Amino acid sequence: MNAPDRYERFVVPEGTKKVSYDRDTKIINAASFTIEREDHTVGNVLRMQLHKDPNVLFAGYKLPHPLQYKILVRIHTTSQSSPMQAYNQAINDLDKELSHLKSVFEDEVRRHSRDF
Amino acid sequence: MAVPDEDDTSKRIPSPVSMKSLAAPVKSAVDKYQLLPEFLKVRGLVKQHLDSFNYFINCEIKKIIHAKDNERIVSDINPKIYLKFLDIYVESPSVEEDHIREPLIPQRCRLSDTTYAAPVKVDIEYTRGNPIQTEIKKGHVIANMPIMLRSRRCVLYGMDDDELARLGECPLDPGGYFIVKGTEKVLMIQEQLSKNRIIIDTDKKGRVSASVTSSTHERKSKTVIVMEKERIYLQLNQFTKLIPIMVIMKAMGMESDQEVVQMVGRDPRYSGLLLPSIQECASERIYTQYQALEFLEKKVVKSRFTNQKVHQGDFYPKCIYVGVMLRRMLEAILNADTIDDKDYVGNKRLELSGQLISLLFEDLFKTMSSAAKKSIDEALTKASRSSSMDISLHLKKDWITHGLERAISTGNWDVKRFKMNRKGMTQVVSRLSFIAALGHMTRIQPQFEKSRKVSGPRALQPSQWGMLCPCDTPEGEACGLVKNLALMTHVTTDEEESPLITLCYSLGVEDMSLLSAEELHSVNSYLVMFNGLILGKHRLPQRFANGMRKLRRAGKIGEFVSVFVNEKQRCVYLASDGGRVCRPLVIADKGVSRIKEHHMKELRDGARVFDDFLREGLIEYLDVNEENNALIALYEGEADSKTTHIEIEPFTILGVCAGLIPYPHHNQSPRNTYQLCRMDTLLYLLVYPQRPLLTTKSIELVGYDKLGAGQNATVAVMSYSGYDIEDAIVMNKSSLDRGFGRCIVMKKVSAVKQAYDRIIMPKMSSGKGGLDSHMQILDTDGIASPGEIVRPLDILINKQSATVSRDQLISHKVLPDSAYKFTPVKHKGTEGETTVVDRVALFTDKDQNMVIKFMIRHTRRPEVGDKFSSRHGQKGVCGTIVQQEDFPFSERGICPDLIMNPHGFPSRMTIGKMIELLGGKAGVSCGRFHYGSAFGEPSGHADRVEVIRYHRVSSPSVYIHGTYLLPKAKTYGLRLGEMERDCLIAYGASMLIFERLMISSDPFKAQVCRKCGLLGYYHHSLKTGFCSMCKSGENVSTMKLPYACKLLFQELQAMNIVPRLQLTEH
Amino acid sequence: MEGISYQRFPKVKIREMKDDYLKFELRETDASMANALRRVMLAEVPTLAIDLVEIEVNSTVLNDEFIAHRLGLIPLTSDRAMSMRFSRDCDACDGDGQCEFCSVEFTLNVRCTSDHTLDVTSTDLRSSDPTICCPVDVAARATAALDPNSAYDPSEQRGIIIVKLRRGQELRLRAIARKGIGKDHAKWSPAATVTFMYEPDIHINEDLMETLTLEEKRSWVESSPTKVFDIDPNTQQVVVVDPEAYTYDDEVIKKAEAMGKPGLVDINAKEDSFIFTVESTGAIKASQLVINAIEILRQKLDAVRLSLDTEECDEQFGELGAHLRGSAV
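Quick mapping for you: the protein sequence lines, in order, are chains A, B and C.
Residues in the first sequence are numbered consecutively from 8, following the working numbering.
Residues in the second sequence are numbered consecutively from 14, following the working numbering.
Residues in the third sequence are numbered consecutively from 20, following the working numbering.
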């Protein structure tokens, strides 16, 4: 009856930012990113990619509540980097990996359909 | 066929036993399952109701009008004026409209809130006119009687599926209920103590008493003989006080004390007990019949008791009856074992709708007659009679019609004539699911009040086996009192007595009136009782019983006549009365089943029906008493030479509802019971009902597979997300999207258009163009049309009521608009639900007003908080709904529909559910339906586990667990239960938990071995703890733990599970 | 702000490919990537599905909502879905889903006039533009008609049943298909099955295995519920016949322990190799589904990039921020 509408799950409400940044006030080089209307799909790839970065001391994400359609990504880096830098880096790397994957996959599909 | 067979066997008996056993055919278990569907085909699931009602309509009702007091209505003023009932018959249901009678169909009654009733017609002979002439009038309607659906008089009787469907009836609906004022009412089966039987019991004060409730068409009375202060008294309603028994005997002409003693038996112990009573009588100076009657005169009217018939004031049979009662009672005083068990099913009678209606009808009929008489007398006293007198016009049919209708619709059976005042006799048929409705029809209501805290009637009676379902009983106050019939139970109806009595005499029963008191209890013969009546004696009781049974098997006497030889009481009981429960069993001769494979083959080929089995003496009905004379083998293979009968199918001990649970014998028994109560929680109209993958044979018999009320789900048993605690389930959103668990909820809205109302077309409002937003669904006739989506507060009927007075309504044909006030019918719904008008029905009610009925439908998909249940009493609410991508998946890509928490299993012990899961998966994998019937598979280890579990239940833990008390009141205290404990844990009040569950509950000092972690004991001679595992006292520490906890460890050890405690310094 | 890249270069090998079925290996990436792809395929690759139904006549046994729900679940060909607009952000039609950019209209008009029960199926749905969107079985029939070699047998295909009609019953409706994603409603999910498994790495301890008798070997091999191992009839040695049949059920390991031979076999999941199985509903080709999923995931990641103003906002901390970050700038 009072269930949220289905589109609430993936439509960013007007006036809210997709990603908001929250610097930690106590720890330097630590910050959390609130990403609206995303879930484990983005959260987990991002976290795993961040783990690859040696400058990242901590990277984690959580889904605060099943009815709050947002994730919190928390990053803590060394002084060599910054959370924002690491975040951008991770996204860039993932983007490149995906475009690579896409081309590899398309090649394979082409090769496969030619062979068979 | 059967009789020669019988002879063959009897001829073979003399042959040497060894030879016979060699010649006996190899025992092969014949699959008798096929008999069940056949049985149900002829009997149906609610046959007991139908039989009983049919019996009433065909026989009982005739008996009522032909009873001496009822047959004639004679005027007191002019005895020549009379009315005599010649015949009575019930027609098919019909309704009279504008003086035209037309047949009535049930569906119409349901829709138009009328009663499905048929006219009851009588043929009467009466006097009329002046001078008086007798006339005969046929077909005079005296009442409209509600008719049971599918009974002999119902229009649906004997119809096939197509015809039923055409009348708007579900072919699977069993019938057996009434439709009164549009609601379906079922008359609950009433459980009572037997009538006309001697019951020996102890009363509240611990006195032994013998009581007989006698009931005939003329009167009903209760006679009790009690022992008080060593003297024996008789208690009867007609007398204000207790009457000494000897006075009664003398009053009935038994003046000699010796005769009385002889009648009771010459055993000195009995006469010793009688002595004080004899003395008392003597001290009252009562020696003759006349003195005794004088004594009674003071107390009240003439004595008349027990159901023994009196011919011309011959009280001898009654004396004998009292003698037998006395003897049974004295026997019980000497030997407490002979006290009757009131809860024994054989001492119970079930009152069905026919009997109940007949009671009511009789009462109303008498009321009607006396009212008619009164009005005749009144008419006769009037000086001037212009028209000639017609008595038949004084029979008002409304008496019976309204009386019956009122009783059935309110459930109050108020029969003053029989001092009957019962409430809640009828219930609305629960239509939540097919099974709920069926289960409702087999339910048995007790006569006792439910609040009594007695365990006796609630306990499972061994005699219930096969007759009443052992599982199906509600929880709470009615637990064990409300029962259900088992699958094959039949409830008997009355049978004609006189031919049977004659038969008994011709089979060698010596008439009681020819016997002297001395002979009554002679050692070499048995008393023969027929329906509680003492017929006489027989010297060869076993032979007599066998003879009767042979006749019954041959079909010469009714199949439900029961013959029971009671060796203890030295009696042969014959019964043909109604209300006994009985069930069919296969007859076996010396352990060899009479049903052979070729019989079953003929049955499968359709060359044979169930009744053929009965007629040929292969199967017979046994009632609870006669079962005591039989040795019944559960399976054919288990039969030995002493076996007399074989069960048809073991699972028939369960009722209709219990049969739906797969593998019930693997579950902890209360779980099965819970499930049965649960059937009706959340079932409306499932959008995609499915057949259970794992069926039981009962399901097929009942037709549940055709009317599914559930869905097969892919279930993962795992903990997931934390929204699944306390039995909550996690559901897959994609499954819900695809229609899993979707159901349609139907709601009825009805409104009456009174004479001064009008329904008008919505007017276009001049303002903001178009209609009022709440009027958009209205059709041109001012009524919402089907298929429209309704939102809350939308107007369904645009109705207006006149505000002016009645006079003006009559004078003005058309009223101005101003005289009307807007009284619309609005839809009350909740926001967010999309409801649709499904159907609109218009009809006129009995006051000729227009009634408008809406069916409003709402499709709802499961939401968080909805309750779901499996077939094992494992209910749970939906804790959260999760996207499919967040759900677990297997490497084969299978994604479950819902996730259940595994913590639901250990404490519930529903092994059957696990087996169902396995069986269901096997069914999916090989694409076949599987059976999960009770006792369907050979028993394996599961049964052995069960034995251990019973030990646990009987252990003292039961008492100890209850001792966690809240400090609220010191005297009684409230239990700190599991849920309260959960709250404390969640809150984190650990010290409070510690205090409640340990210190103020059951602290226990335990010796724990630090090395092996097991419990030791305190060795008194060594003055130290000792570990019997390590055989040393070195590493033993003393610690406190709740006794219940220690007990749990020990019980676990008894089950081969080792709980080890690891101790650390703190 | 240029850092070193930690990019991976995953490898793909297709094992089996049909229109609606795809089995491939994905290597040299981690589970998060594999899982993200799976999740996107299930829930976020857009397709078309009937979303709005206007019923004109319905005298069937099923009620309106029921039929609407069934219509919604019919898979429609959605090759163009990626380039179409969501009706909620369609400018051309004000978001009411009635324009060519975001919707396709269907009509259904069936009436039973014979005494036989008439099945109303997806083939009765008339699309306003069959080239863009039509029920998948209709599309399959159309392509089969063009290709004489196809194995498609139209007699076996009866279409997806919507409702059955008896004489005199009629169903007339108008339906609008829109673009959507599985997260919204499962009817928009293009995937019937998307699953992956870690490639198992099975090592049999040959020395220990040789200590077993043939009988023991046989019972050990049979302890696995799936056929992973077999005994070579010639050498009588235990061999791995199908490692991928292994379901990580640990039965063989438990059996080995029960036989008193722990360590008989060593099974590990390869953390960076996945075997994917993708089955499509027919709305999109399975291979296209994977490609779309990769594309969607890229778009998603692109969307979560920090917008400029966020970065600026961080810069407002100015020197303090720069100071704290040290000399990395």
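All residues carry an ideal CB built from backbone N, CA and C; glycine is no exception.
On a predicted model such as this, the values are computed, not experimentally measured, just so you know.
Start and end of the beta strand (DSSP E) containing Ile213/B?
-> Ile212 to Thr215
Please check if any C-beta of chain B sits within less than 8 Å of the C-beta of Met216/C.
-> yes
Own chain residues within Cβ distance below 7 Å of Ala62/C, not counting five before or after | Ile200, Gly201, Lys202 and Ser208
Going by beta carbon distance, what residues of the same chain come within less than 6 Å of Glu846/B, once the five residues before and after it are set aside?
-> His871
CB-CB under 7 Å to Arg27/C, same chain, minus the five flanking residues each way: which ones, in chain order?
-> Glu47 and Thr48
Which first and last residues belong to the alpha helix (DSSP H) in which Gly591/B is found?
-> No alpha helix (DSSP H) contains Gly591/B, which DSSP labels as neither H nor E.
Specify the secondary structure class of Thr84/A as computed by DSSP and reduced to three states.
-> strand
Determine contact between the stretch 92-111 of chain B and the stretch 131-147 of chain B, defined as no fewer than three beta-carbon pairs at a distance below 8 Å.
-> yes
At a Cβ cut of 9 Å, what residues of the stretch 32-48 of chain A count as close to chain B, listed as they run along the chain?
-> Asp46, His47 and Thr48
Which full runs of the beta strand (DSSP E) of 3+ residues lie inside the stretch 632-670 of chain B, going along the chain?
-> 632-636
Every unbroken beta strand (DSSP E) within the stretch 330-408 of chain B, with a cutoff of 3 residues, ordered by chain | 361-364
Nearest-angstrom Cα separation, counted from Val1021/B out to Leu1074/B | 7 Å
Using a Cβ cut-off of 8 Å (strictly closer), state whether Asp1083/B contacts chain A.
-> Since the first residue of chain B shown is 14 and the last is 1079, residue 1083/B is not available in this structure.
How close, in whole Å, do the beta carbons of Ser65/B and Gly367/B come, if the pair is a contact with beta carbons under 8 Å?
-> 3 Å
Inspect the CB distances between the stretch 529-545 of chain B and the stretch 479-498 of chain B and report whether three or more fall short of 8 Å.
-> no
Where does Trp478/B fall in DSSP's three states?
-> coil
Collapsed DSSP secondary structure at Gly79/B in the structure displayed | The question names Gly, but residue 79/B is His in the sequence shown. Three-state result, His79/B: helix.
Hey, quick one: how far does the alpha helix (DSSP H) through Ala93/A stretch, first residue to last?
-> Pro90 to Asp122
Residues of chain B with CB under 8 Å from Pro20/A, in chain order?
-> The contacting residues do not exist; Pro20/A stays about 20 Å from chain B at best.
Please go through the stretch 80-154 of chain C and give each complete alpha helix (DSSP H) segment of 4 or more residues, from N-terminal end onward.
-> 83-91
Looking at the structure shown, is Cys294/B part of a helix, part of a strand, or coil, going by DSSP?
-> helix
Assign Pro909/B to buried or exposed, taking buried as 16 or more other Cβ atoms, counted over all protein chains shown, within 10 Å of its Cβ.
-> buried
Provide the residue(s) that pair with Asn62/A in DSSP beta bridges, ordered along the chain.
-> Bridge partners of Asn62/A: none, in fact.
What is the DSSP secondary structure of Lys926/B, counted as helix, strand or coil?
-> helix
Would you list the residues sitting across from Gly152/B in a DSSP beta bridge?
-> Note: Gly152/B sits in no beta bridge, so no partner.
With distances taken between CB atoms, is the gap from Gly74/B to Asn83/B smaller than 8 Å?
-> According to the sequence shown, residue 74/B is Ile rather than Gly. For Ile74/B and Asn83/B, no; Cβs fall outside 8 Å.
If you draw a straight line from the alpha carbon of Phe856/B to that of Val199/B, how long is it in whole angstroms?
-> 25 Å
If we cut at 8 Å on Cβ distances, does Ala10/A have a partner in chain B?
-> yes
Whether Tyr1011/B touches Lys1053/B by CB criterion (8 Å) = Rather than Tyr, the amino acid found at residue 1011/B in this sequence is Met. Cβ distance < 8 Å, so Met1011/B and Lys1053/B count as in contact.
Are any of the Cβ atoms in chain B nearer than 8 Å to that of Pro73/A?
-> yes
Tell me, which residues are paired with Met158/B by DSSP?
-> Ala131/B
Considering only residues of the same chain and omitting the five flanking positions on each side of Ala196/C, which have a CB-CB separation below 7 Å?
-> Leu67, Ala68, Ile69, Asp70, Leu95, Ser122, Val123, Phe125 and Cys152
Which one of Ile310/C, Thr214/C and Phe120/C has the shortest CA to CA distance from Glu298/C?
-> Thr214/C
Within-8 Å CB hit, Thr847/B to chain A | no
Contacts that Thr128/B makes with chain A (C-beta to C-beta distance below 9 Å) | Per Cβ cutoff of 9 Å: no residues; Thr128/B is ~39 Å from chain A at best.
Report yes if the CB atom of Ile666/B is closer than 8 Å to the CB atom of His658/B, and no otherwise.
-> no
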